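Asks:
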Amino acid sequence: MTIAAPQENTVAVVADAAPTALKVGIPKEIFAGEQRVAATPDTAKKLQKLGFEVLVETQAGAGASFTDSAYKAAGCTIVTDPASLWQAADVVLKVRSPQHHPTLDRHEADLLKPDTTLVSFIWPAQNPELLEQMAQQGSTVLAMDSVPRISRAQKLDALSSMANIGGYRAVIEAASHFGRCFTGQITAAGKMPPAKVMVIGVGVAGLAAIGAAKSLGAIVKAFDTRLVVKEQVQSLGAEFLELHFEEDGSGEGGYAKVMSPAFIAAEMALFAQQAKDVDIIITTALIPGKKAPLLITQEMVKSMKPGSVVVDLAAEQGGNCEVTEPGQVISHNGVTIIGFTDLPSRMAAQASQLYGNNLVHLLSDLGGAEKFGIDMEDQVIRATTVIHNGQVTWPPPKVEAPAPAPSTQSATPTAEAAVAAPKPWYTQLLWPVLIGPACVAIGLWAPASFMTHLTVFVLASFLGWKVIWDVSPSLHTPLMSVTNAISGIIIIGGMLQISSNIASPMTILGAIALFLGTVNIAGGFMVSQRMLNMFHK
Amino acid sequence: MENNLVTTAYIVASALFILSLAGLSQPETAKRGNLLGILGMAIAFAATAAISQGYPIQIGSIGLGVLIGVLAASRVAMTDMPEMVALLNSFVGLAAVLVGFAEYLQPSAALSGGDVIVHRVEIFVGVFIGIVTFTGSIIAVAKLRGWVPSRAVLLPARHVLTLGMLGAIAALGVPFLTATGDTPLIALGAMTAIAGIFGIVIVMAIGGADMAVVISLLNSYSGLASAAAGFMLNNDLLIITGALVGSSGAILSYIMCKGMNRSFINVVLGGFGETASGSGKAAAIEGSATSTTTGEVVDLLANAQSVVIVPGYGMAVAQAQHAVAEITRLLRGQGKQVRFGIHPVAGRMPGHMNVLLAEANVPYDIVLEMDEINDDLTATDVVLVIGANDTVNPSAKNDPTSPIAGMPVMEVWEADTVVVLKRGMSSGYAGVENPLFFNDNTLMFFGDAKTNVNAILAQLSTTNVPAPALSAA
Numbered sequence: 052m053t054i055a056a057p058q059e060n061t062v063a064v065v066a067d068a069a070p071t072a073l074k075v076g077i078p079k080e081i082f083a084g085e086q087r088v089a090a091t092p093d094t095a096k097k098l099q100k101l102g103f104e105v106l107v108e109t110q111a112g113a114g115a116s117f118t119d120s121a122y123k124a125a126g127c128t129i130v131t132d133p134a135s136l137w138q139a140a141d142v143v144l145k146v147r148s149p150q151h152h153p154t155l156d157r158h159e160a161d162l163l164k165p166d167t168t169l170v171s172f173i174w175p176a177q178n179p180e181l182l183e184q185m186a187q188q189g190s191t192v193l194a195m196d197s198v199p200r201i202s203r204a205q206k207l208d209a210l211s212s213m214a215n216i217g218g219y220r221a222v223i224e225a226a227s228h229f230g231r232c233f234t235g236q237i238t239a240a241g242k243m244p245p246a247k248v249m250v251i252g253v254g255v256a257g258l259a260a261i262g263a264a265k266s267l268g269a270i271v272k273a274f275d276t277r278l279v280v281k282e283q284v285q286s287l288g289a290e291f292l293e294l295h296f297e298e299d300g301s302g303e304g305g306y307a308k309v310m311s312p313a314f315i316a317a318e319m320a321l322f323a324q325q326a327k328d329v330d331i332i333i334t335t336a337l338i339p340g341k342k343a344p345l346l347i348t349q350e351m352v353k354s355m356k357p358g359s360v361v362v363d364l365a366a367e368q369g370g371n372c373e374v375t376e377p378g379q380v381i382s383h384n385g386v387t388i389i390g391f392t393d394l395p396s397r398m399a400a401q402a403s404q405l406y407g408n409n410l411v412h413l414l415s416d417l418g419g420a421e422k423f424g425i426d427m428e429d430q431v432i433r434a435t436t437v438i439h440n441g442q443v444t445w446p447p448p449k450v451e452a453p454a455p456a457p458s459t460q461s462a463t464p465t466a467e468a469a470v471a472a473p474k475p476w477y478t479q480l481l482w483p484v485l486i487g488p489a490c491v492a493i494g495l496w497a498p499a500s501f502m503t504h505l506t507v508f509v510l511a512s513f514l515g516w517k518v519i520w521d522v523s524p525s526l527h528t529p530l531m532s533v534t535n536a537i538s539g540i541i542i543i544g545g546m547l548q549i550s551s552n553i554a555s556p557m558t559i560l561g562a563i564a565l566f567l568g569t570v571n572i573a574g575g576f577m578v579s580q581r582m583l584n585m586f587h588k
Numbered sequence: 508m509e510n511n512l513v514t515t516a517y518i519v520a521s522a523l524f525i526l527s528l529a530g531l532s533q534p535e536t537a538k539r540g541n542l543l544g545i546l547g548m549a550i551a552f553a554a555t556a557a558i559s560q561g562y563p564i565q566i567g568s569i570g571l572g573v574l575i576g577v578l579a580a581s582r583v584a585m586t587d588m589p590e591m592v593a594l595l596n597s598f599v600g601l602a603a604v605l606v607g608f609a610e611y612l613q614p615s616a617a618l619s620g621g622d623v624i625v626h627r628v629e630i631f632v633g634v635f636i637g638i639v640t641f642t643g644s645i646i647a648v649a650k651l652r653g654w655v656p657s658r659a660v661l662l663p664a665r666h667v668l669t670l671g672m673l674g675a676i677a678a679l680g681v682p683f684l685t686a687t688g689d690t691p692l693i694a695l696g697a698m699t700a701i702a703g704i705f706g707i708v709i710v711m712a713i714g715g716a717d718m719a720v721v722i723s724l725l726n727s728y729s730g731l732a733s734a735a736a737g738f739m740l741n742n743d744l745l746i747i748t749g750a751l752v753g754s755s756g757a758i759l760s761y762i763m764c765k766g767m768n769r770s771f772i773n774v775v776l777g778g779f780g781e782t783a784s785g786s787g788k789a790a791a792i793e794g795s796a797t798s799t800t801t802g803e804v805v806d807l808l809a810n811a812q813s814v815v816i817v818p819g820y821g822m823a824v825a826q827a828q829h830a831v832a833e834i835t836r837l838l839r840g841q842g843k844q845v846r847f848g849i850h851p852v853a854g855r856m857p858g859h860m861n862v863l864l865a866e867a868n869v870p871y872d873i874v875l876e877m878d879e880i881n882d883d884l885t886a887t888d889v890v891l892v893i894g895a896n897d898t899v900n901p902s903a904k905n906d907p908t909s910p911i912a913g914m915p916v917m918e919v920w921e922a923d924t925v926v927v928l929k930r931g932m933s934s935g936y937a938g939v940e941n942p943l944f945f946n947d948n949t950l951m952f953f954g955d956a957k958t959n960v961n962a963i964l965a966q967l968s969t970t971n972v973p974a975p976a977l978s979a980a
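First to last, the protein sequences are chains A and D. Okay, so the first sequence: first residue is 52 according to the numbering used here, each after it adds one. Okay, so the second sequence: first residue is 508 according to the numbering used here, each after it adds one.
#1: Please compile the residues from chain D whose C-beta is within a distance smaller than 8 Å of the C-beta of isoleucine 381 of chain A.
#2: Can the beta-carbon of leucine 193 of chain A be found less than 8 Å from the beta-carbon of threonine 154 of chain A?
#3: Give a yes or no on whether 8 Å exceeds the smallest Cβ distance from isoleucine 963 of chain D to chain A.
#4: I want to verify the contact list: residues of chain A whose CB lies under 8 Å from the CB of methionine 856 of chain D, in sequence order.
#5: Could you give the DSSP three-state label for threonine 334 of chain A: helix, strand or coil?
#6: Considering only the alpha carbon of each residue, which of A:Glu350, A:Val361 and A:Ala492 lies closest to isoleucine 333 of chain A?
#7: Please identify the residue among A:Ile347, A:Pro312, A:Ala260 and A:Val431 whose C-alpha is closest to the C-alpha of glutamine 607 of chain A.
#8: Report the option in A:Val570, A:Leu136 and A:Val255 whose CA atom is closest to the CA atom of leucine 210 of chain A.
#9: So what does lysine 372 of chain A bridge to, in DSSP terms?
#10: What residues of chain D sit near valine 518 of chain A, judged by a beta carbon separation below 7 Å?
#11: Could you tell me whether any Cβ in chain A is nearer than 8 Å to the Cβ of serine 883 of chain D?
#12: Are the C-beta atoms of proline 534 of chain D and some chain A residue less than 8 Å apart?
#13: Output yes if chain D places a C-beta closer than 8 Å to the C-beta of arginine 200 of chain A; else output no.
#14: Output the boundary residues of the beta strand (DSSP E) element that contains proline 818 of chain D.
#15: Can you look up histidine 850 of chain D in the DSSP assignment and give me helix, strand or coil?
#16: Which residues in chain A sit within 8 Å of lysine 538 of chain D, going by Cβ to Cβ distance?
#17: Do we get a CB-CB distance below 8 Å when we pair valine 522 of chain A with the residues of chain D?
#18: Below 9 Å on C-beta distance, what does asparagine 571 of chain A contact in chain D?
#19: Where are the beta strand (DSSP E) runs, 3 residues long or more, that stay fully inside the stretch 874-916 of chain D, in chain order?
#20: For chain D, find out if any of its Cβ atoms is closer than 8 Å to the Cβ of arginine 203 of chain A; answer yes or no.
#21: Run down chain A in chain order and give the residues with a C-beta less than 7 Å from the C-beta of glutamine 565 of chain D.
#22: Mind pulling the chain A residues with CB within less than 7 Å of glycine 544 of chain D?
#23: Count Cβ pairs between the stretch 195-209 of chain A and the stretch 420-439 of chain A that sit closer than 8 Å; are there 3 or more?
#24: Just to check my reading of the structure: threonine 797 of chain D and leucine 950 of chain D have Cβ atoms closer than 8 Å, yes? What is that Cβ distance to the nearest angstrom?
#25: Flag asparagine 905 of chain D as yes when its Cβ comes closer than 7 Å to any non-hydrogen atom of the ligand FAD, and as no otherwise.
#26: Could you check whether leucine 414 of chain A and leucine 101 of chain A sit closer than 8 Å to each other, using their CB atoms as the reference points?
#27: Identify which residue in D:Ala522, D:Thr640 and D:Val862 has its Cα closest to the Cα of proline 534 of chain D.
#28: Kindly list the residues whose CB is nearer than 8 Å to the CB of proline 524 of chain A, restricted to its own chain and excluding five residues on each side of it in sequence; keep chain order.
#29: Answer yes if the stretch 84-102 of chain A comes into contact with the stretch 392-406 of chain A, meaning at least three C-beta pairs across the two stretches below 8 Å, and no otherwise.
#30: Closest to aspartate 743 of chain D by CA distance: which of A:Thr558, A:Lys588, A:Ser512 and A:Ser551 is it?
#31: Leaving aside the five residues before and after glutamate 921 of chain D along the sequence, list all residues of the same chain whose C-beta is less than 7 Å from its C-beta, in chain order.
#32: Can you name the residues of chain A whose CB is closer than 7 Å to the CB of glutamine 841 of chain D?
#33: Taking C-beta pairs closer than 7 Å, name the residues in chain D that valine 507 of chain A reaches, listed in chain order.
#34: How many Å lie between tyrosine 871 of chain D and valine 570 of chain A at the Cα?
#35: Report the three-state DSSP secondary structure of glycine 637 of chain D (helix, strand or coil).
#36: For glycine 241 of chain A, list the residues DSSP reports as bridge partners.
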């Protein structure tokens, strides 16, 4: 879908940039078990369209099923030695933050040349030493985890794209550890009840999980402290579990905030009750900069039916479930608890494609190959850049960013409220005040003949009002031309005024009126017929 | 006796007009409705002819009128329908003025006492409505044709000026009702002149996209002018017909105003342009729009299962409806679901887009109203926005400070991908920036709509020839 045929302008850019193109290096990920890669053959092509030359370490895409030959076919240069790749590249794109390279026996941060740029997940808050180490290299580092969560930066938001895949994969993992079908059926061999899935935390991952579970046929319920997501949950066909509690958990940047103790107690009671009922619980609750909230206690796990599955997407941040072991699948009283921290990596091809696209958008925002530069005035680039020319620039100055979801959702009622605000009492009185005396005046002074005409006029107006409301909006233009034509009935007036005396002013005026009215009648009916003939199924 | 026969004919004609409008409720019955209208008109005409005189003049006037009307109606392009409707409105207005003057010069019935005053009030009001309809419609035509600037042209102190004119008109009513001799005629003439200017000033002050409201409103006025003529001529058929047309125009104006979430007074008293540039309080948008190419759009369409096309006035201006219809046919031939979403105020006249699409042979059952399609947009793969802007602006929904806040809009951003065909990044008629263009799932396809749509069509028809066979099954 995104593989566009080469177009005039883009081809020209590639040709111009060829001799001195900036080189983008894609090293193979060295984190144990990491299958993703920072560029796929497809996104590598897009990078070339931006004017970059792309160097790929041999076997870099192997984990995600992208072969060296596929990269070669996409116009990339394959480099066999990681050291020379880091040496040659002006911009290095990675997935995992730099760490000790097992085969080179050097830290990746030390491979970073001065005046080059590294784009990767960094997690600066958790890795202050790494930040310091990279800063000493005098290079520039952009952290994909620090992209601000504002609408404009959505195309760069790798956390969202990874969370999306993680949510989907969580359902797949749950399904593979669950001993029953997700979808309900009645077969000749007996009834299969549908699986009941509860998703806690409806962020990007939660929504993806709801969508995936729903499409497998499960009954899905979801809970979130932020009431604004209710509509999104319902739009996916899931049930939104509500506490009858006056507290909204919308925090900054689309995340949730910490709730009051009373709220948490009510929430826990809800989970305890649901745990006995549902087969699968998927938790995705995170609060930025804090340990993940504990939502599923050991008690609740015990109360679940044997064979049930809990998938804890917050495992890396301490887990939403009390018994989660990060990176492991464990069984607790017959309940399987999945604590994988590498769900996106388990869908490496898709995850790499999305992450690669995020990187392409970032490099495009940085000016492409020709105008490549870090614009520290740009709010998004500023927040993403954690080291600028050897200077640590993290954390960025605080910018008030409204949560994207609430701004779209909660603003609606405000706007509606503004519209629906009750009118002041005097405007409601306006019409009675105007019409009342007019009626009295007419009743007192108007002659009898006028009264009959007025009766006809008022009744005809109401009749017209009723009839016209039934007219289909698609026929409003023909309606106008038909009414145009019949308002030409005024010719009757002209006809009655015409006498045999050609010179009398009345006859002249009447004749002109008759002429004009006839143009209207003939033209109006004719053009209506012409239009109506065009309408067909 | 003879008189009763005429009255009976008028009753039949009235009934036929009502049935005619009722027939317009569905496309299936609309043609019959139109024919019933013609029949009603023929009956009314024949009955009136039976009691009138001066046949040579009548035949001459009618013959010329029919000739010109038929010629104009058979030649007008569908994109020019707003002008045609406005022009026809002006004729009714002028006819009402002439009938009013003639009626003053020689009352059709002998009157005495209070009846004379009432009769004169009827003439005065009838001529006033008629002349405002006439000059207003002429200006509307000139604006739609581009003879005068289509933006809101505001005179300095125009509220004072218009109030002054209304005051003068009311003042002239006094000598017209009470004086004798030539004075009433002079007063009537002076009132006509002032009211004519009043009509010009009022319509000049209304901006291009509000024309839909103005045309509906003038349509309503033309009905009221007929009704007023009915009052002065003691003719119930004119009153009934005028009332029908008047309420039709009023409903259309109401629908248009609701479609823009503006009050009627607000539209008549001030254009959008004025308020928006004056306050400038809409949230500023920063960010970059992603532009796209023919190839990418064709790829998108080739991979989409459901496509919704949202046309606006820009499509009419570029005359792109035929190419759009052709793309629709091609995609539907491949088994894709293609529908149209029409915003109530799209175009320059109620139902403008429907007529253009019907002209281009788009089946009317895939042309849906905003309310019918908005909920489906989440499940839509690709939305093509062709020459629409304010009607797809998310800030109407999301930004309470926006000048268009609360206006119902097509929620195209809910779709997977939105392709906006547009000349450039300029803001729409309301002068409001459109955050839609900066969305991540929005692709901007800049350039002339017709050229671009034709380019898409050309590439689509060459790349996807084999597919149609499948859908036949």
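Each residue gets a CB set at the ideal place from its N, CA and C atoms; glycine is no exception. Keep in mind that this is a model prediction, so the values were computed, not measured.
Replies: Working from what's here:
#1: Residue mapping note: residue 381 of chain A aligns to position 330 of the first sequence, counting from 1. What isoleucine 381 of chain A touches in chain D: nothing, since even the nearest Cβ is about 38 Å away.
#2: Here residue 193 of chain A refers to the residue found at position 142 of the first sequence. Here residue 154 of chain A refers to the residue found at position 103 of the first sequence. Contact: no.
#3: Taking the first residue of the second sequence as position 1, residue 963 of chain D is located at position 456. False, the Cβ-Cβ gap to chain A never drops below 8 Å.
#4: As a working note, residue 856 of chain D is residue 349 in the second sequence. Result: His527, Thr528 and Met531.
#5: For the purposes of this step, residue 334 of chain A is identified with residue 283 of the first sequence, where counting begins at 1. Three-state DSSP puts threonine 334 of chain A in a strand.
#6: Your numbering for residue 333 of chain A matches position 282 in the first sequence. Of the candidates A:Glu350, A:Val361 and A:Ala492, the one whose C-alpha sits nearest the C-alpha of isoleucine 333 of chain A is A:Val361.
#7: The structure shown does not extend to residue 607 of chain A, since chain A is modelled only from 52 through 588, so no value can be given for it.
#8: Reading the first sequence from its first residue, position 159 is the one you call residue 210 of chain A. Considering only alpha carbons, the answer is A:Val255.
#9: Residue 372 of chain A sits at position 321 when you count from the first residue of the first sequence. According to the sequence shown, residue 372 of chain A is cysteine rather than lysine. According to DSSP, cysteine 372 of chain A bridges with A:Ile347.
#10: Here residue 518 of chain A is taken as the residue at index 467 of the first sequence, counted from 1. In chain order: Ile525, Leu528 and Ala529.
#11: Counted from its first residue, the second sequence places residue 883 of chain D at position 376. Strictly speaking, residue 883 of chain D in this sequence is aspartate, with serine absent from that position. By this cut-off, aspartate 883 of chain D is not an interface position.
#12: Walking along the second sequence from the start, residue 534 of chain D turns up at place 27. Interface residue, yes.
#13: As a first step, residue 200 of chain A must be located in the first sequence, where it is residue number 149. With 8 Å as the cut-off, arginine 200 of chain A does not count as an interface residue toward chain D.
#14: Along the second sequence, read from residue 1 onward, the residue named residue 818 of chain D stands at position 311. Element bounds for proline 818 of chain D: 813-818.
#15: For this step, residue 850 of chain D is matched to residue 343 along the second sequence. Coil, per DSSP.
#16: Here residue 538 of chain D refers to the residue found at position 31 when the second sequence is read from its first residue. Near lysine 538 of chain D (Cβ distances below 8 Å), the residues of chain A are Gln580, Leu583 and Asn584.
#17: Counting from 1 along the first sequence, the entry for residue 522 of chain A is found at position 471. It does; some Cβ of chain D falls within 8 Å.
#18: As a working note, residue 571 of chain A is residue 520 in the first sequence. Those are Gly572, Gly576, Leu595, Asn596, Phe598, Val599, Ala602 and Ser729, listed as they occur along chain D.
#19: 874-876 and 889-893
#20: As a position in the first sequence, residue 203 of chain A is number 152, starting the count at 1. By this cut-off, arginine 203 of chain A is an interface position.
#21: Looking up residue 565 of chain D in the second sequence gives position 58. In chain order: Met546, Ile549 and Leu565.
#22: Your numbering for residue 544 of chain D matches position 37 in the second sequence. Simply Val533, Ala536, Ile537 and Phe576.
#23: yes
#24: For the purposes of this step, residue 797 of chain D is taken as the residue at position 290 of the second sequence. For the purposes of this step, residue 950 of chain D is taken as the residue at position 443 of the second sequence. Contact holds; Cβ gap of about 6 Å.
#25: Summarising the ligand content, the structure contains no ligands, and the ligand FAD is consequently not present.
#26: Here residue 101 of chain A is taken as the residue at index 50 of the first sequence, counted from 1. Here residue 414 of chain A is taken as the residue at index 363 of the first sequence, counted from 1. Yes, the Cβ-Cβ distance between leucine 101 of chain A and leucine 414 of chain A is below 8 Å.
#27: Here residue 534 of chain D corresponds to residue number 27 of the second sequence, with the count starting at 1. Cα-wise, what sits closest to proline 534 of chain D is D:Val862.
#28: Within the first sequence, residue 524 of chain A is the residue found at index 473, counting from 1. Once the five neighbours on either side are set aside, proline 524 of chain A has no close Cβ partner at all.
#29: yes
#30: In the second sequence, the residue the question calls residue 743 of chain D occupies position 236. Answer by Cα proximity: A:Ser512.
#31: Taking the first residue of the second sequence as 1, we reach residue 921 of chain D at position 414. These residues qualify, in order along the chain: Leu884 and Thr885.
#32: Here the question's residue 841 of chain D lines up with position 334 in the second sequence. Going along chain A, no residue has its Cβ under 7 Å from glutamine 841 of chain D, so there is no contact; the nearest lies around 16 Å.
#33: Indexing the first sequence from 1 puts residue 507 of chain A at position 456. Correct list: Asp743, Ile746 and Ile747.
#34: Your numbering for residue 871 of chain D matches position 364 in the second sequence. Your numbering for residue 570 of chain A matches position 519 in the first sequence. Rounded to the nearest angstrom, the two C-alpha atoms are 30 Å apart.
#35: For the purposes of this step, residue 637 of chain D is taken as the residue at position 130 of the second sequence. Helix.
#36: Within the first sequence, the letter at position 190 stands for residue 241 of chain A. Paired residues: A:Thr238.
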